[in-house]
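Number of protein chains: 2
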Amino acid sequence: MEKIVLIFSGGMDSTVLLYDLILQNKEVIAVSFDYGQKHKKELLAAKKIAEDNKIEHQVLDISSLTQHLSNSSLTNADIEVPDGHYASSNMSVTVVPNRNMIFLSIAAGFAINRGIRQLAYGAHRGDHFIYADCREEFVSSISQTFKLCDNTPVILQAPYLNYTKADICKLGSKLDAPFINTWSCYKGQDLHCGQCGTCFERREAFVDAGISDPTIYEK
Amino acid sequence: MEKIVLIFSGGMDSTVLLYDLILQNKEVIAVSFDYGQKHKKELLAAKKIAEDNKIEHQVLDISSLTQHLSNSSLTNADIEVPDGHYASSNMSVTVVPNRNMIFLSIAAGFAINRGIRQLAYGAHRGDHFIYADCREEFVSSISQTFKLCDNTPVILQAPYLNYTKADICKLGSKLDAPFINTWSCYKGQDLHCGQCGTCFERREAFVDAGISDPTIYEK
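Each protein sequence line maps, in turn, to chains A and B. For the first sequence, our numbering assigns the number 840 to the initial residue and increments by one for each residue that follows. For the second sequence, our numbering assigns the number 840 to the initial residue and increments by one for each residue that follows.
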């Protein structure tokens, strides 16, 4: 069974990718990052989903970097997470600079250290509006860099780059991915708030996919 | 004065690069990484050199990752640092997987967060034997990735890529870089051991450059 390291947030996209990879008969090692998020709901969601699938799950702690990467509302307690759609101008405060490149680089080191050469992450088209490091040209470039970062190439898979979130939702539904156990909301209250950028996107995805949304939203 | 973030280990190469950048009238922000090195001598060296030059110096702590990247003799207490030349087969235990890519990615996030778009590091030709992430094709590829990782490109400088360490030594001598305050040795005793890969390389560089070596070696 081929091993693959998956960057696993506990959200919808990486959870569908987890189920996708398991179906492809891969042995998935899931890595999540504690980067000083204001809440740990997504890490708990990741833990539960990994346990349910009896796969190894590692939380890599880079929260000590937060103070140096702290202009984002996702990590800085002084900045409020804005309500509204990703496409809105106010969403730029949810950008953690170079987050995906940092995650990918560390995950690659983690993989190399174990002799694993496969790496996967669930970037998708909907993210591209504001997150440069989810765009196809970025992924294509960093894939090339990963082929050169060690004596044996690391192969990066980002199979949903041209999927909408609704496409991922449809695929997840086919794969019986447990959407109810995934966490999206940036605010991390008891329930999904239903108002922040990622809640908007989550709701829309289910509607666009024509799939019943099991999520209970605050509003 | 243009700002630039320099990856600064406190060793010879990044110290010469610091002096080089200062001479180019750049405002340097030096970042060092605590990645769970067995010793802190190089971080102390970096601190002193930064203080002497009155430049900002930040130590970014990623030591919690060590357990996940721990097959290297530089971080793993159970593995001894080997004596001998870099070109020797036993030197592979000094490789921390994907270290430079991790450092560069985090330093880029740090720079972007401050609105700085210039990044520098002191990789040089001598490292290429065993460290894939010091090779020209790697640096060329990651430079391209940095142009795409955010909406505004980050520009990576690695001006010593085709320098030998002796070349850097000669340049440093011209620039009055304080070699006596730099630290190379992997072992981190009171004095440079004179026997490990990086001590070998340091000694050779001074000899090849025809410059008097101010370092006091244990052996």
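Just so it is clear, CB atoms sit at the ideal spot from N, CA and C, and this is done for glycine as well.
- Item | the region 1000-1019 of chain B contacting the region 1031-1044 of chain A, beta-carbon criterion three pairs below 8 Å | no
- Item | Coarse secondary structure for isoleucine 868/B, derived from DSSP in three states | Your numbering for residue 868/B matches position 29 in the second sequence. Looking at isoleucine 868/B - three-state DSSP - the assignment turns out to be strand.
- Take the Cβ of isoleucine 951/B as the centre, count every other Cβ of all protein chains shown within 10 Å, and call the residue buried at 16 or more, exposed below. The residue labelled residue 951/B in the question sits at position 112 within the second sequence. Buried, because 16 or more other Cβ atoms sit within 10 Å of the Cβ of isoleucine 951/B.
- Query: Looking at the structure shown, is glutamate 975/B part of a helix, part of a strand, or coil, going by DSSP?
  - Reply: For this step, residue 975/B is matched to residue 136 along the second sequence. If DSSP states are grouped into helix, strand and coil, glutamate 975/B belongs with the helices.
- In chain order, what residues of the same chain have a beta carbon less than 7 Å from the beta carbon of asparagine 864/B, not counting five sequence neighbours either side? Here residue 864/B corresponds to residue number 25 of the second sequence, with the count starting at 1. So the qualifying residues of the chain are Met840.
- If I'm right that isoleucine 901/B touches glycine 948/A with Cβ under 8 Å, what's the distance once you round it to whole angstroms? The residue labelled residue 901/B in the question sits at position 62 within the second sequence. The residue labelled residue 948/A in the question sits at position 109 within the first sequence. Rounded, the Cβ-Cβ distance is 10 Å, inconsistent with contact.
- Task: In the DSSP assignment, find the unbroken alpha helix (DSSP H) run with leucine 883/B in it and report its ends.
- Result: The residue you call residue 883/B lines up with position 44 of the second sequence. Unbroken alpha helix (DSSP H) run through leucine 883/B: 880-891.
- Does phenylalanine 872/B have its Cβ less than 7 Å from a Cβ in chain A? Here the question's residue 872/B lines up with position 33 in the second sequence. For phenylalanine 872/B, the answer is no, since every Cβ of chain A falls outside 7 Å of its Cβ.
- Item | Terminal residues of the alpha helix (DSSP H) in which isoleucine 1007/B lies | Stepping through the second sequence from its first residue, residue 1007/B is reached at position 168. Isoleucine 1007/B -> alpha helix (DSSP H) spans 1004-1013.
- Task: Closer than 7 Å by beta-carbon distance: list the chain B residues that pair up with asparagine 990/A, in chain order.
- Result: By 1-based counting over the first sequence, the position of residue 990/A is 151. Those within 7 Å of asparagine 990/A in chain B are Ala971.
- Message: Contact criterion: CB-CB distance below 7 Å. Does methionine 940/A meet it with respect to chain B?
- Response: Position 101 of the first sequence, counted from the first residue, corresponds to residue 940/A. Yes, because at least one Cβ of chain B sits closer than 7 Å to the Cβ of methionine 940/A.
- Message: Quick check: is any heavy atom of the ligand COA less than 6 Å from the C-beta of leucine 1030/B?
- Response: Among the components modelled here there is no ligand, and therefore nothing to report on the ligand COA.
- Rounded separation between serine 853/B and tyrosine 874/A - CA only: To locate residue 853/B, count along the second sequence from 1; it is residue 14. To locate residue 874/A, count along the first sequence from 1; it is residue 35. In a straight line, the C-alpha of serine 853/B is about 28 Å away from that of tyrosine 874/A.
- Item | Proximity test, Cβ basis, 7 Å: isoleucine 981/A and chain B | Counting from one through the first sequence, the residue named residue 981/A turns up at place 142. So, interface residue.
- Item | Candidates Asn939/A, Leu908/A and Gln897/A, of which the one nearest leucine 908/B by Cα | As a position in the second sequence, residue 908/B is number 69, starting the count at 1. Nearest option by C-alpha distance: Gln897/A.
- Query: To which residues does DSSP link valine 844/B through a beta bridge?
  - Reply: Counting from one through the second sequence, the residue named residue 844/B turns up at place 5. Ile868/B and Leu958/B, per the DSSP bridge assignment.
- Which bits of chain A does glutamate 976/B rub up against, with CB to CB less than 7 Å? In the second sequence, counting from the first residue as 1, residue 976/B sits at position 137. Correct list: Leu987.
- Query: Where do the N-terminal and C-terminal ends of the beta strand (DSSP E) with leucine 899/B fall, by residue?
  - Reply: Within the second sequence, numbered from 1, the residue matching residue 899/B stands at position 60. From DSSP, the beta strand (DSSP E) with leucine 899/B extends over 895-900.
- Please list the residues of the region 885-909 of chain A that have a C-beta atom closer than 9 Å to any C-beta atom in chain B, keeping them in chain order. Gln897, Leu899, Asp900, Ile901, Ser902, Ser903, Leu904, His907, Leu908 and Ser909
- What residues of chain C sit near serine 944/A, judged by a beta carbon separation below 7 Å? No chain C appears in the structure shown, which is made up of the protein chains A and B.
- Message: Comparing C-alpha positions only, which one of Ser903/A, Ser944/A and Val1046/A sits nearest to leucine 870/A?
- Response: In the first sequence, the residue the question calls residue 870/A occupies position 31. According to the sequence as given, residue 870/A is valine; it is not leucine. It is Ser944/A whose Cα lies nearest to the Cα of valine 870/A.
- Query: So which residues of chain A does alanine 947/B contact, with C-beta pairs closer than 9 Å?
  - Reply: Residue mapping note: residue 947/B aligns to position 108 of the second sequence, counting from 1. Ordered by position in chain A, the residues that pass the 9 Å Cβ test against alanine 947/B are Pro936, Asn937, Met940 and Ile941.
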